[in-house]
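Enquirer: Right, I'll just put the structure down here and ask away after.
There are 2 protein chains.
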Amino acid sequence: MSTMAMKDEDPRPALSRQRVVHAAIAHADSAGLDALTMRQVAGMLQVAPMALYRHISNRDDLIDAMIDVLFGEIALPLGGTDWKTAMRDRAMSLRDVLARHRWAIGLMESRRRPGPANLRHHDAVIGKLRSAGFDIAMVAHAYSLLDGYIYGFALTKMNIPFNTTDEMAAMAQDMFEPFPANEYPNLAEFVTDHVMKPGYDYGEEFEYGLDLILNGLEGALTA
Amino acid sequence: MSTMAMKDEDPRPALSRQRVVHAAIAHADSAGLDALTMRQVAGMLQVAPMALYRHISNRDDLIDAMIDVLFGEIALPLGGTDWKTAMRDRAMSLRDVLARHRWAIGLMESRRRPGPANLRHHDAVIGKLRSAGFDIAMVAHAYSLLDGYIYGFALTKMNIPFNTTDEMAAMAQDMFEPFPANEYPNLAEFVTDHVMKPGYDYGEEFEYGLDLILNGLEGALTA
DNA sequence: TGTTACCGCGTACAATGTACACAGGTTGGG
DNA sequence: CCCAACCTGTGTACATTGTACGCGGTAACA
């Protein structure tokens, strides 16, 4: 039989830009950006490293494409709802995307060649705010504040890998261990009495700040 | 003469951890983190690459040390002022530090081994908030919100290298060029009518959001 | 004067991104 | 049906990186 007419269980379907980009995302999700080497991605696809270069022009181009896929993952419920609900839903969705793809946090807004999903996303958000009565300066304020907070929250909170309270305790131990006891009493109290308490939930922390910002913007808008 | 009794103009003073770290910061400031190779740093100090390893244990240890120097650069005016002024000043100072050292934005809060300046800084900020009447949960809210915003603003705004309006226009051109005209009308309007206007100043943008957050926190505190 | 600790160096190696030329299959024109 | 052009994946090769290892020279102290 010809290779073309092979059945579905072809052990090695043809390479494509899409397949390369998705494999790269999967690998970065599980192993981080540093581990995203061309040879690793090629390995995942059972292909020689140089085969990738038929579909991407270099590693940076690959990352650009990966980021644009993530922009496509952000939900944009801009339909009938008011701007506040729309912005809140978008923020939560973006937060979730960044949680799924931690490696991307520092890259989303620093691409020199934004892809179509990226531009479409920003266009839609700005459009929603404009049609809700924000003038252009106010759009700048709102967008700057919201995205700053969302990305910054992701940056400051998600880099620390604490999945269990025990892990967290161990890390705190390592942190304070090289220094004299009680050298940093406020910080120590904060960590032991709050961060390490069982009920602590970063999700709630995020929403608290988000709502504070949204309420502040609402006040500024109606003023 | 002995090498020890050499005069001040010794062309190559003894290496030290401090000198290595400061050279590395200077290089990262001007060339970025990717260009921060051991060989480059060694070259700045007119020393063989392996000489560095007598004073730092590896590249990651070097970066840890660099970050802690930056934490030391953040002004902490926690004296007689009220919490709001203190937090505002600290935020502005941190913003300035991040502007001077863009390469550090993604690294400040993700060190697994925070240095003494880092811990002292957080301890002081938490202490200031506590003594101003914030309970622990409120400290978590405030700190999360403020640092999220500060780092996020730095991340989203400073990565884009627009020093002049012309450069910005060129970049906007490159951004939209691959796509049909008017594909992204809201974004296009925003860029041309606001970002590229001569009077646009990112500093003001930062302070707008900062004050909104501080006022929101004040409201929550007194409630 | 010896001995010991330290510090900078030269060499070497494994891992990485990617340039280059090639091979095997696919396809379209005669 | 045949051959030429063309894709697409491959093997090899090289420059650049971090850093392990052991050497030699200098300083400090006996």
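As you go down the protein sequences, you meet chains A and B in turn.
Using UniProt numbering, the first residue of the first sequence is number 1, and each one after it goes up by one.
Using UniProt numbering, the first residue of the second sequence is number 1, and each one after it goes up by one.
Positions of the beta carbon are idealized from the N, C-alpha and C atoms, including for glycine.
Treat the numbers as computed from the prediction; the structure is a model and nothing was measured.
Along chain A, in chain order, which residues have C-beta atoms closer than 8 Å to that of Asn215 (chain B)?
Expert: Gly216
Enquirer: Give me the chain B residues within the contact set of Leu155 (chain A), using Cβ-Cβ distance strictly less than 7 Å, ordered along the chain.
Expert: Per Cβ cutoff of 7 Å: Gly106, Glu109, Tyr151, Gly152, Leu155.
Enquirer: Could you give the uninterrupted runs of the alpha helix (DSSP H) lying entirely in the UniProt domain "HTH tetR-type" (14-74) of chain B, keeping only those of 4 residues or more?
Expert: Correct list: 17-31, 38-44, 59-73.
Enquirer: Would you say Phe190 (chain A) reaches chain B, if we count a Cβ-Cβ gap shorter than 7 Å as a contact?
Expert: The beta carbon of Phe190 (chain A) sits closer than 7 Å to some beta carbon of chain B.
Enquirer: Can you name the residues of chain A whose CB is closer than 7 Å to the CB of Ile126 (chain B)?
Expert: For Ile126 (chain B), the chain A residues whose C-beta falls within less than 7 Å of its own C-beta are Asn186, Leu187, Phe190, listed in chain order.
Enquirer: Using a C-beta to C-beta distance shorter than 8 Å, which residues of chain A count as neighbours of Met175 (chain B)?
Expert: Within chain A, the residues near Met175 (chain B) are Arg113, Pro114, Leu119.
Enquirer: Using C-beta distances below 8 Å, list every residue in its chain close to Ala23 (chain A), excluding the 5 sequence neighbours before and after it, in chain order.
Expert: Val41, Met44, Leu45
Enquirer: Does the pairing of the stretch 112-127 of chain A with the stretch 68-75 of chain A give three or more beta-carbon distances under 8 Å?
Expert: yes
Enquirer: For Asp82 (chain B), which residues from the same chain have a beta carbon less than 8 Å from its beta carbon, with the 5 sequence-adjacent residues on both sides left out?
Expert: Ala132
Enquirer: So Gly148 (chain B) contacts chain A; which residues on that side make the cut at Cβ distance below 7 Å?
Expert: Tyr149, Gly152, Phe153, Thr156, Gly209
Enquirer: Tell me which residue opens and which closes the alpha helix (DSSP H) that Tyr149 (chain B) is part of.
Expert: 136-158
Enquirer: Against His194 (chain A), what residues of chain B qualify as contacts under a CB-to-CB distance less than 9 Å, listed in chain order?
Expert: In chain order: Ile136, Ala137, Val139, Ala140.
Enquirer: What residue ranges within the stretch 75-99 of chain A form continuous beta strand (DSSP E) runs of no fewer than 3 residues, ordered along the chain?
Expert: none
Enquirer: Could you tell me which of A:Pro178, A:Leu187, A:Gly32 sits nearest to Ile126 (chain B), measuring between CA atoms?
Expert: A:Leu187
Enquirer: Within this structure, are the beta carbons of Glu109 (chain A) and Thr192 (chain B) separated by less than 7 Å?
Expert: no
Enquirer: Please name the residue in B:Ile150, B:Lys197, B:Asp147 whose C-alpha comes closest to that of Met168 (chain B).
Expert: B:Lys197
Enquirer: If contact is defined by three or more beta carbon pairs under 8 Å, each pair taking one atom from either stretch, is the stretch 130-145 of chain B in contact with the stretch 92-101 of chain B?
Expert: no
Enquirer: Starting from Asn215 (chain A) and walking both ways along the alpha helix (DSSP H), at which residues does that stretch end?
Expert: Counting along the chain, the alpha helix (DSSP H) containing Asn215 (chain A) begins and ends at 202-222.
Enquirer: Under a Cβ-count criterion, where at least 16 other Cβ atoms within 10 Å of its own Cβ denotes burial, should Gly216 (chain B) be classed as buried or exposed?
Expert: buried
Enquirer: At a CB-CB cut-off below 9 Å, which residues of chain A make contact with Arg130 (chain B)?
Expert: Asn186, Glu189, Phe190, listed in chain order.
Enquirer: Assuming Gly106 (chain B) and Gly106 (chain A) are in contact, meaning their beta carbons sit under 8 Å apart, how far apart are those beta carbons, in whole angstroms?
Expert: 4 Å
Enquirer: How would you write the range of the alpha helix (DSSP H) that Val125 (chain B) sits in, first residue to last?
Expert: 116-131
Enquirer: Which residue marks the beginning of the alpha helix (DSSP H) containing Pro185 (chain A), and which one marks its end?
Expert: 185-190
Enquirer: Look up Met168 (chain B) in the DSSP assignment and say whether it is helix, strand or coil.
Expert: helix
Enquirer: Rounded to a whole number of angstroms, what is the C-alpha to C-alpha distance between Lys84 (chain B) and Thr222 (chain B)?
Expert: The straight-line gap from Cα to Cα measures roughly 13 Å.
Enquirer: Alpha carbon to alpha carbon, what distance is there between Ala14 (chain A) and Ala5 (chain A)?
Expert: Note that Ala5 (chain A) scores a pLDDT of 39, beneath 50, so its modelled location is shaky; the value from the coordinates is reported in the next line. In this structure, the alpha-carbon of Ala5 (chain A) lies about 12 Å from that of Ala14 (chain A).
Enquirer: Check each candidate in B:Val97, B:Asp174, B:Ser144, B:His27 and name the one with the smallest Cα separation from Glu207 (chain A).
Expert: B:Ser144
Enquirer: Decide if Arg88 (chain A) is buried, meaning its Cβ has at least 16 other Cβ atoms within 10 Å, or exposed.
Expert: buried
Enquirer: For Arg102 (chain B), name the three-state secondary structure that DSSP assigns.
Expert: helix
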